[in-house]
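Mature numbering (1 follows the signal peptide of the UniProt record, and there is no 0) puts the sequence shown at residues -24 to -1, 1 to 921.
Heads up, the beta-carbon is just placed ideally off N, CA and C, and yes, glycines get one too.
Since the model is a prediction, treat every value here as computed from it, not as a measurement.
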Amino acid sequence: MKHLFHSLLAVAFVLCAGFQQAVAQQMQFPPLPVDKNVRIGQLDNGLTYYIRHNKLPENRAEFYIAQKVGSILEEPQQRGLAHFLEHMAFNGTKNFPGDDKGLGVIPWCETVGIKFGTNLNAYTSIDETVYNISNAPIDRTGVLDSCLLILHDWSNYILLKDDEIDKERGVIREEWRSRNSGMLRVYTDLLPTIYQGDKYADCMPIGSIDVINNFPYKDIRDYYHKWYRPDLQGIVIVGDIDVDTVEAKLKAVFADVQKPVNPAERTYYPVTDNKEPIVAIGTDKEVDDPSIEIYFKQDATPDSEKNNVGYLASQYMTSMISSMLNARLSELVQSANPPFTRASSYYSDFFVAKTKEAFALSASSKADGIETALKTLLQETERARRFGFTESEYARARANYLQSLESAYNEREKTKHGSYVREYVQNFLNGEPIPGIEAEYAMMNQLAPNIPLQAMNMVMQQLVPDSNQVVIIAGPAKEGLKYPTKEEVINLLKGMKDLDLQAYVDKVSDEPLMKEAPKGGKIISEKEGDIYGSTKLVLSNGVAVYVKKTDFKADEIRMKGTSLGGKSIFPDKDALNFAVMDNVIAVGGLGNFSQVDLTKVLAGKKVSVNAGLGATTENVFGTCSPKDFETMMQLTYLTFTAPRKDAEAFESFKNRMKAQLESAQANPLSSINDSLQKAMYNNHPRVVMMKPEMVDQIDYDRILEMYNDRFKDASDFTFYFVGNIDLETAKPLIAEYLGALPAINRKETFKDTKMDIRKGVYKNEYAKEQQTPTATIVFLYSGKAPYTLKNDILLSFATQVLDMVYTEEVREKEGGTYGVNCYGDLQKYPKEQLMLQIVFQTDPAKKDKLAGIVVDELKKLAAEGPSDVHLQKVKEYMLKKYADNQKENGYWMNNLNDYFYYGMDMTEGYTDIVNSITAKDIQKFVSDLLKQGNEIEVTMTVPNK
């Protein structure tokens, strides 16, 4: 079977204009350039490298090593060891042994502010394994050299000590426990059906728990020495670096990595074609909602044929087809009685295999709607195949594509290191082209307008062949739930061409977003040099505006408007309505436009605006490209003045919400949040724990009434704009639209609704049947604490120290959990309050012991404070993060909001405070919290057998 890229040659004959004529004449596509800003080379040992200088973030760099190996290469007795090996790369290497001879990889990285999990990580998949050191502070002496040395060790010098392997077994077991969801079990069970006779039939990276528990050390060392070798490895380094210097260092560091002798062949295992449809149906008690996936398999484009204009064109065409079909599916999702709760189409790898591609459709349905969802997916696929798409649909999809491309081009001088790293990793692993945004922008702006709709519709026909069809259905194992049989699914597939269908009618309007501009207000005062270098504007209707221009991103302006009041204004009896208000208001659209129509009218624009009701504030949020600033202002005006009631969209919302809530009950973890909320707030009437039977009690008219009350008076709203905003261009638009917002000059603030966290000690342990026995433990400590910048910083110190302590004591020493997560919150309104939450999962047999360790280590921190080593590591990370934040629009937006909401500058003296923090400060901070005696412990475990 031809792969899709080759079939474009046939399409070329029907295209019109220069591009397609050249294709038809030459029967080949011109090659793509390789981005001139990246240096690509290969060492004598076969190691490939990519090195690029990039400006942002300053004084930072990314270091990646990508390996063309994964779980597909394991022998049966090695199932899970590719992933296990990834873990071991952090547990001792030649130059970072993690013993008395020197720090390990993780401890060393933390000394320079590279945080494990955040900046230091890895992943193992079926065909690849990738390690990364991100956001490394290379302005510090020795950091660049040490990061290169870590990559060197990951390449060829992982120690794999016996005792470290045994310790890690427990961590892997707990990762398996936390990830062994109902859906993963179903997929694992169905792989032999989906990939009949193929290597992919048994390839999930987490592997076999029996192997993890019992494999001899030799098995993991065999895999390591066979597959971790330079001819299968790619180094990617992007940052604020000198390319020549880094290249020379890399060559020197990797000089001792030997070229393999008689290496094993790296086989890319094929996927067998199927003439008759493959249908795989699986159920599990803990699958939430039924899901359907339909694949139309295509031969994969060989890597050697990707670096040309034709491949770029094929990607564009499949992207347009998916975009147009997704828009149709989205309309159906928003119908009054939707056939599915979500649905989408895409072109990608076939399920888990990279050696086969597929045009795919997926959907989730309500429990009794599986057959309806499947039929509807097939109907819409056949409708598109038979009748194609319309000119108006294509125009919108193309406009959105070109807008996204233009945004990337505009940001070319502001692109961060990580964006380039991802491109180069994909180039190494999968041969994806890297022409650079300048070349891609120029080519696609010529190519896209010259690929006609007729070509799209021809490709759509090729995407849905009569053979190579695969359907996967997964859902809850629930009594009375009916699934279609394999024979019924096959009959539906074979009957697609006989369906009685009509062509899709695209309902479009040339009506503008606003028929006429509002009668605007005026700017009555302007003050430059306000807080954080902003300019303050006061409008004639009382609206205050702060504008901070930045050059951090070229194509971004962020907006937030906020006013005091929020949910607190409404009585307890409205709790259900204000709990769902944001979502209900959003489904209706704005002005004369439904949500579907609004999406259409905004095609080709980079803009969004949405409203939200918080506990103590009402807010409007927006983001846009500078060229779409007026559209953002229009949407903001309509958000205040013209929320739209849409009874059909509301019915759709209710039906989807019911289905999702009913499905969620199958997941044991759904109960833990409800239990925690009850424990925290003691059944307070304002705490809403949504259940399916509550959905019909939602009052749409009351929600609209409450929403209009919150947004009928803009006189006490403050707006913040941060980004690449030209003040002189923006001022008349701000005056015209924000100045026209309604104002009745009411004076109000929020109310204290007495939603206080339970005082004293409270414990609740309950049992719930689980397919994978798991204990989930949540500790929550609360109390009073002044809302100050220092306390906010101390809370961050405490949670980060605890993360490190628990990683060492609970994860590594005990092998008892995949991770302990600590979270803190310091609150000022409606009253000052501090909260510390600690969460982890483990084997039910170990829960009491590990919970004891967690509490003991917390008490130890309250009694003794952190170690000097932990204290310094946290300081390094916080100071690095603070420096990075200075060039983030979101950071300054939050600072503006905090300054006026809390009346406090969260930046003044920040570095001085961080540097001044002592172990005694943290000890006292945690001790003061624990002394208040407010502790909640909620544990979900399994019944005793």
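Inspect the beta-carbon positions of Val777 and Leu837 and report whether they are closer than 8 angstroms. Along the sequence shown, one-based indexing puts residue 777 at 801. Along the sequence shown, one-based indexing puts residue 837 at 861. Against a cut-off of 8 angstroms, the Cβ pair of Leu837 and Val777 comes out as a contact.
Should the stretch 577 to 589 be called in touch with the stretch 555 to 567, which here means at least 3 C-beta pairs below 8 angstroms? yes
Work out the CA separation of Gly286 and Ala(-1) for me, nearest whole Å. Your numbering for residue -1 matches position 24 in the sequence shown. Your numbering for residue 286 matches position 310 in the sequence shown. In this prediction, Ala(-1) scores a pLDDT of 37, lower than 50, which makes its location untrustworthy; no coordinate-derived value is stated.
What's the gap between the Cα of Thr694 and the Cα of Asn873? Sequence index remark: in the sequence shown, residue 694 carries index 718 (1-based). Sequence index remark: in the sequence shown, residue 873 carries index 897 (1-based). Going by the C-alpha atoms only, they are around 9 angstroms apart.
Span of the alpha helix (DSSP H), counted from its first residue to its last, around Asp779: Position 803 of the sequence shown, counting from 1, holds the residue named residue 779. Unbroken alpha helix (DSSP H) run through Asp779: 765 to 782.
Run of the beta strand (DSSP E) containing Thr15, from where it starts to where it stops: As a position in the sequence shown, residue 15 is number 39, starting the count at 1. According to the sequence provided, residue 15 is Arg. The question's Thr does not apply to it. Taken as a continuous stretch (DSSP letters only), the beta strand (DSSP E) holding Arg15 covers 14 to 18.
For Phe626, the three-state DSSP class (helix, strand or coil): Locating residue 626 in the sequence shown gives position 650, where the first residue counts as 1. Correct three-state label for Phe626: helix.
With DSSP as the reference, identify every bridge partner of Ser501, one or two as the case may be. Taking the sequence shown and counting its residues from 1, one reaches residue 501 at position 525. Bridge partners of Ser501: Val514.
Quick one: grab the DSSP three-state call for Arg722. For the purposes of this step, residue 722 is identified with residue 746 of the sequence shown, where counting begins at 1. Looking at Arg722 - three-state DSSP - the assignment turns out to be coil, as it is neither helix nor strand.
With a cut-off of 8 angstroms on the beta carbons, I'd call Thr100 and Ser47 a contact; round off their distance for me. Taking the first residue of the sequence shown as position 1, residue 100 is located at position 124. Taking the first residue of the sequence shown as position 1, residue 47 is located at position 71. The pair is a contact, with the Cβ atoms about 7 angstroms apart (cut-off 8 angstroms).
When the distance is taken between beta carbons, is Thr592 closer than 8 angstroms to Pro806? Stepping through the sequence shown from its first residue, residue 806 is reached at position 830. Stepping through the sequence shown from its first residue, residue 592 is reached at position 616. For Pro806 and Thr592, yes; Cβs fall inside 8 angstroms.
Can you tell me whether Gly598 is helix, strand or coil according to DSSP? Against the sequence shown, residue 598 aligns to sequence position 622. Strand at Gly598.
Segment contact flag, the stretch 237 to 252 with the stretch 427 to 445, C-beta cutoff 8 angstroms, min 3 pairs: yes
On a Cα-Cα basis, can you pick out the residue from Phe335, Asp279, Asp195, Gly345 that is closest to Ser267? What you label residue 267 is simply residue 291 of the sequence shown in a count that begins at 1. Out of Phe335, Asp279, Asp195, Gly345, Gly345 has the C-alpha closest to the C-alpha of Ser267.
Could you spell out where the beta strand (DSSP E) holding Asn740 opens and where it closes? Reading the sequence shown from its first residue, position 764 is the one you call residue 740. Looking at the DSSP string, the run of the beta strand (DSSP E) that includes Asn740 is 737 to 743.
DSSP state of Ser647, grouped into three classes? Reading the sequence shown from its first residue, position 671 is the one you call residue 647. Reduced to three states, the DSSP call for Ser647 is helix.
Under the rule that 16 or more other beta-carbon atoms within 10 Å means buried, what is Ala303, buried or exposed? Numbered from its first residue, the sequence shown carries residue 303 at position 327. Ala303 is buried by the Cβ-count criterion.
Please state the DSSP three-state secondary structure of Ser639. If you number the sequence shown from 1, residue 639 lands on position 663. Helix, per DSSP.
Comparing C-alpha positions only, which one of Gln610, Asn631, Ala112, His128 sits nearest to Gly496? Against the sequence shown, residue 496 aligns to sequence position 520. Minimum Cα distance to Gly496 is reached at Gln610.
Measuring straight from C-alpha to C-alpha, what distance separates Ala58 and Asn132? Counting from one through the sequence shown, the residue named residue 58 turns up at place 82. Counting from one through the sequence shown, the residue named residue 132 turns up at place 156. So the alpha carbons of these two residues sit roughly 15 angstroms apart.
Whose C-beta lies closer than 6 angstroms to the C-beta of Asp888 among residues of the same chain, with five residues either side of it excluded? The sequence position of residue 888 within the sequence shown is 912, counting from 1. Here the set comprises nothing.
Please determine if the stretch 200 to 216 and the stretch 27 to 35 are in contact, where contact requires at least 3 C-beta pairs separated by less than 8 angstroms. yes
Please list the terminal residues of the continuous beta strand (DSSP E) segment that includes Asp260. The residue given as residue 260 occupies position 284 in the sequence shown. 254 to 260 is the span of the beta strand (DSSP E), which, as asked, contains Asp260.
Within 10 Å of its beta-carbon, does Leu475 have 16 or more other beta-carbons around it, so buried, or fewer, so exposed? As a first step, residue 475 must be located in the sequence shown, where it is residue number 499. Exposed, because fewer than 16 other Cβ atoms sit within 10 Å of the Cβ of Leu475.
Euclidean distance between Cα positions of Lys744 and Pro113: Counted from its first residue, the sequence shown places residue 744 at position 768. Counted from its first residue, the sequence shown places residue 113 at position 137. Each residue's alpha carbon lies about 47 angstroms from the other.
For Lys44, which option in Leu468, Asn797, Arg205, Glu367 has the closest C-alpha, if you only look at C-alpha atoms? Numbered from its first residue, the sequence shown carries residue 44 at position 68. If we check each option's Cα against that of Lys44, Arg205 comes out closest.
Bridge partners of Asn97, per DSSP? Working through the sequence shown from its first residue, we reach residue 97 at position 121. DSSP output for Asn97 lists Asn108 as bridge partner(s).
To the nearest angstrom, report how far apart Ala450 and Val263 are at their CA atoms. On the sequence shown, position 474 is the one that residue 450 refers to. On the sequence shown, position 287 is the one that residue 263 refers to. Roughly 8 angstroms between the two C-alpha positions.
Taking all protein chains shown into account, do 16 or more other C-beta atoms lie within 10 angstroms of the C-beta of Arg722, making it buried, or fewer, making it exposed? In the sequence shown, counting from the first residue as 1, residue 722 sits at position 746. Exposed is the call here.
Do Leu513 and Ile533 come within 8 angstroms of each other at the CB atom, strictly closer than that value? In the sequence shown, counting from the first residue as 1, residue 533 sits at position 557. In the sequence shown, counting from the first residue as 1, residue 513 sits at position 537. No. Outside cutoff.
In whole angstroms, give me the CA-to-CA distance for Glu86 and Val850. Indexing the sequence shown from 1 puts residue 86 at position 110. Indexing the sequence shown from 1 puts residue 850 at position 874. So the alpha carbons of these two residues sit roughly 8 angstroms apart.
Close beta carbons around Asn517, own chain, < 7 angstroms, minus the five adjacent residues each side: By 1-based counting over the sequence shown, the position of residue 517 is 541. The answer, listed in chain order, is Gly497, Ala690, Ser691, Gly715, Leu717, Ala719.
If you measure between the beta carbons of Leu353 and Ala339, is that distance less than 8 angstroms? Here residue 353 refers to the residue found at position 377 of the sequence shown. Here residue 339 refers to the residue found at position 363 of the sequence shown. For Leu353 and Ala339, yes; Cβs fall inside 8 angstroms.
For Val222 and Gly22, what's the separation of their Cα atoms in angstroms? Residue numbering aside, residue 222 sits at position 246 when the sequence shown is read from its first letter. Residue numbering aside, residue 22 sits at position 46 when the sequence shown is read from its first letter. Their Cα atoms are separated by approximately 18 angstroms.
Taking the CB atoms as reference points, tell me whether Ala312 and Ser628 lie closer together than 8 angstroms. Counting from 1 along the sequence shown, the entry for residue 312 is found at position 336. Counting from 1 along the sequence shown, the entry for residue 628 is found at position 652. Result yes, Cβ atoms of Ala312 and Ser628 sit closer than 8 angstroms.
Name the residue from Gln437, Glu487, Phe697, Asp677 whose alpha carbon lies nearest to the alpha carbon of Val523. Locating residue 523 in the sequence shown gives position 547, counting from the first residue. For Val523, the nearest C-alpha among the options comes from Phe697.
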